[in-house]
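Protein chains in written order, with my numbering: chain G, 1 to 306; chain Z, 307 to 554.
Glycine residues also receive a C-beta, built at the ideal position from the N, C-alpha and C atoms.
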Amino acid sequence: MIDAVNLTKKFKDITAVDGLTFHVDEGEVFGFLGPNGAGKTTTVRMLCCLIARTSGESRIAGYDTGNDSDSLKIRKIIGLIPENVGLYGELSAYRNLDFYARLYDRTEQQRKESIERLLRLLGLWEKKDHPVGTFSKGMKQKVAIARALVHDPGILFLDEPTANLDPGAAKTVRDFILELKKEKKTIFLNTHNLEEAQKLCDRIGILKTHLLRIGTPEELKEALWGSKTVIGLEEVSDMIVAAVKQHTSGKVVVEDHRLVIDVKNAGQENPGLVQAIVAAGGRIQFVQEFSPTLEDVYLKTVRETP
Amino acid sequence: MRLSKAWIIASKDLSIFRKKKSIFYSVILFSLFVSIGLPLLIYVLSGRSGSISPDALSGLLTVINAFAFFYIIGAASLPTAIASYSIIGEKQEQSLEPLLATPTTDSEILLGKSIGALLPPLVAIWIGAVIFMGLIDAITFGLLGSLYYLNAVIAVIMLLLVPLAAITAVEVSVIVSARVNDVRTAQQLGSLIVIPFAIIYVLGEINAFALTVPYLLILSAIILVVDIGLFSLSVSTFRRDEILTKWK
Ligand SMILES: Nc1ncnc2c1ncn2[C@@H]1O[C@H](COP(=O)(O)OP(=O)(O)OP(=O)(O)O)[C@@H](O)[C@H]1O
Ligand SMILES: [Mg+2]
């Protein structure tokens, strides 16, 4: 659905995005993580045909984002929730949405139906005639979400949709994104919120001008940390360590009363390890699988890159 | 270029202007002043009708013609406030990004914004001019024994010069609004466009320029050329890549 090959954007002497290559499948939720200034917004703008790329290639549904006539076709089938809501404060929520629905050539009937459905879903129907300028941040964000959906696009770009929202409003927005995921929409999500990425995304890319890593949250964790088994013992003796080392080719580290063992497949290796320790006279208090959080992965990736 | 898209944008802008009282009133007040205030002045000057010397009559007609020129100055100044607001307002609301993400071309957006800024002043001026001509005719019919309006001069002013001058104002405002960030600065810079028209007015007063059809047609041709030049400049200013990355 979304393809980038060596996608690059330079602003004069600043390289904002360098050589991005990735692919997002139809119906997939793809999360883009990265520190401030990593180039997330710039990437989304290039993909939405808002700014021109400097080099490389990017396609949406097979259409070239850098080609004028393709660009119109792309903009028909995508919805964008930009970093800033960009609503018309003087106009009512309904008028804001109606304006956009018209630009997508919706008939009057279609406009009425989709605007009412979205405003009801987002709990704003009662406020439909109030000027958006009087709304709270959370309400504005919901109107911006509705605006991105008035034409029922198959592909959505969300640039930090829950930034600046209180936890309750953020959850509403997240639940709404999960609903969209169920509707099989392709979603490209920029976020700083790792928990959000973990909850919503099928795959994640970590960006810092370059695309540092890409994969499912599990793949990323494994690639960076591998899998580890932690075994707590009453006492650790040399004999026990030797027995474990005989049993596995992975690294074994002793930390106080614990053994931290690198394993390839915990499910297959753990029973044998436990047996070996027991046979060597070890008294096991607990066996744990060590799993890093997405935050560990993110921080490690971003810090390792200057 | 699809006119329907431009019209959707223009009508959105018009519904915002309706809520902006200062813009709304500046247009209405100008029109009322020129269309009703000036004929009243003529009425007083003409000695409340009755008889008048031929010299005084020709003087009176010169004043009436000069007043007609006010409409050109109005056309060159009224759209500035609206056009500046329409573009800087979008910049301040940061609404250009979602707008550019719709299947609308840059020139359709530019055209829509221009129509939105042109319509209110043009409609106000044209309606005002009808009232103006009616009142002047009512005042001068007794003195002239014939209707002064319609005549060719006012037709050229209303149908050629007024729209052309309004277009100049809109184009200048687009170019200025791309470069500044607050509405007031843009309006002040944009309103400088009135100066050349004011100079022409003064030239008329000192008889270096006459409000006759040939002169007015030459003036129209000059403004048309200027408008075409400004048009290509405003189109190159209003490009999506520039709007989101270079506009300040
Ligand atoms: N119009 C522009 N002109 C010059 N440099 C720009 C422009 N837009 C972005 N940049 C630069 O490009 C880089 C990437 O910016 P971008 O906004 O894409 O980052 P981001 O990942 O979205 O950051 P954030 O998390 O703060 O939103 C930054 O160094 C920024 O300064
Ligand atoms: Mg950003």
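Open item on the list: Quick check on this structure: which residue in G:LYS127, G:LYS10, G:GLY133 has the alpha carbon closest to the alpha carbon of ILE322 (chain Z)?
Closed with: Out of G:LYS127, G:LYS10, G:GLY133, G:GLY133 has the C-alpha closest to the C-alpha of ILE322 (chain Z).
TODO: Under 7 Å Cβ to Cβ from GLY515 (chain Z), same chain only, skipping five residues before and after it: list those, please.
DONE: Here the sequence assigns Phe to residue 515 (chain Z), which means Gly is not the residue at that position. For PHE515 (chain Z), where only same-chain residues beyond five positions count, the Cβ hits under 7 Å are ILE506, LEU509, TYR521.
Task: Rounded Cβ spacing between LYS140 (chain G) and LEU87 (chain G) (contact assumed at less than 8 Å) - done: Contact annotation, LYS140 (chain G) with LEU87 (chain G): C-beta distance approximately 6 Å; criterion of less than 8 Å satisfied.
Open item on the list: I'd like the span of the beta strand (DSSP E) that includes LYS9 (chain G), first residue to last.
Closed with: Taken as a continuous stretch (DSSP letters only), the beta strand (DSSP E) holding LYS9 (chain G) covers 2-11.
Task: Distance cut 7 Å, beta-carbon to ligand 2 heavy atom: residue list by chain order - done: G:LYS40, G:THR41, G:GLU83, G:ASP159, G:GLU160, G:ASN190
Task: Reduced DSSP category for PHE30 (chain G) - H, G, I as helix; E, B as strand; rest coil - done: The answer is strand: DSSP assigns PHE30 (chain G) an E or B state.
Task: Proximal residues, the stretch 311-328 of chain Z versus chain G, C-beta separation under 7 Å - done: LYS311, ILE314, LYS318, SER321, ILE322, LYS325
Open item on the list: Just to confirm the assignment, what range does the beta strand (DSSP E) spanning GLU57 (chain G) have?
Closed with: 55-60
Open item on the list: Tell me whether GLY34 (chain G), by its Cβ, gets closer than 6 Å to a heavy atom of ligand 1.
Closed with: yes
Task: Whole-number beta carbon distance between LEU20 (chain G) and THR321 (chain G), since they are thought to touch under 8 Å - done: Residue numbering for chain G in the displayed model covers 1 to 306; residue 321 (chain G) lies beyond these limits and cannot be assessed.
Open item on the list: I want to know whether the stretch 329-346 of chain Z touches the stretch 402-412 of chain Z - three or more CB-CB distances under 8 Å.
Closed with: no
Task: GLY31 (chain G) to LYS300 (chain G) span [Cα, whole Å] - done: 17 Å
TODO: Kindly indicate the opening and closing residues of the beta strand (DSSP E) around PHE157 (chain G).
DONE: 155-159
TODO: Would you mind giving the Cβ-Cβ distance between VAL287 (chain G) and VAL297 (chain G), rounded to the nearest angstrom? I have them listed as a contact below 8 Å.
DONE: Their Cβ separation, rounded to whole angstroms, is 23 Å, which puts VAL287 (chain G) and VAL297 (chain G) out of contact at 8 Å.
Task: ARG324 (chain Z), DSSP secondary structure in three states - done: helix
Task: ILE51 (chain G), DSSP secondary structure in three states - done: coil
- [ ] Flag this pair as touching only if the stretch 259-277 of chain G and the stretch 203-210 of chain G have three or more C-beta atom pairs under 8 Å; answer yes or no.
- [x] no
Open item on the list: Just checking: is the beta-carbon of SER332 (chain Z) within a distance shorter than 7 Å of some beta-carbon in chain G?
Closed with: no
- [ ] Please indicate yes or no: does the CB of ALA4 (chain G) lie closer than 6 Å to some heavy atom of ligand 1?
- [x] no
TODO: State whether the stretch 211-227 of chain G contacts the stretch 48-55 of chain G, with contact taken as three or more CB pairs (one from each stretch) at a distance under 8 Å.
DONE: no
Task: CB contact below 7 Å: LEU80 (chain G) versus chain Z - done: yes
TODO: Kindly indicate if chain G contains any beta-carbon less than 7 Å away from that of SER392 (chain Z).
DONE: no
Task: Inside the stretch 169-206 of chain G only - alpha helix (DSSP H) runs reaching at least 4 residues - done: Uninterrupted alpha helix (DSSP H) stretches at least 4 residues long and entirely within the stretch 169-206 of chain G occur at 194-200, given in chain order.
Open item on the list: I'd like to check one pair, THR162 (chain G) with VAL173 (chain G): are the Cβ atoms closer than 7 Å?
Closed with: yes
Open item on the list: Rounding to the nearest angstrom, what Cα-Cα distance links VAL230 (chain G) and VAL241 (chain G) in this structure?
Closed with: 13 Å
Open item on the list: Within the continuous alpha helix (DSSP H) that includes GLU399 (chain Z), where are the two ends?
Closed with: 360-399
Task: Any non-hydrogen atom of ligand 1 within 6 Å of GLY37 (chain G) CB - done: yes
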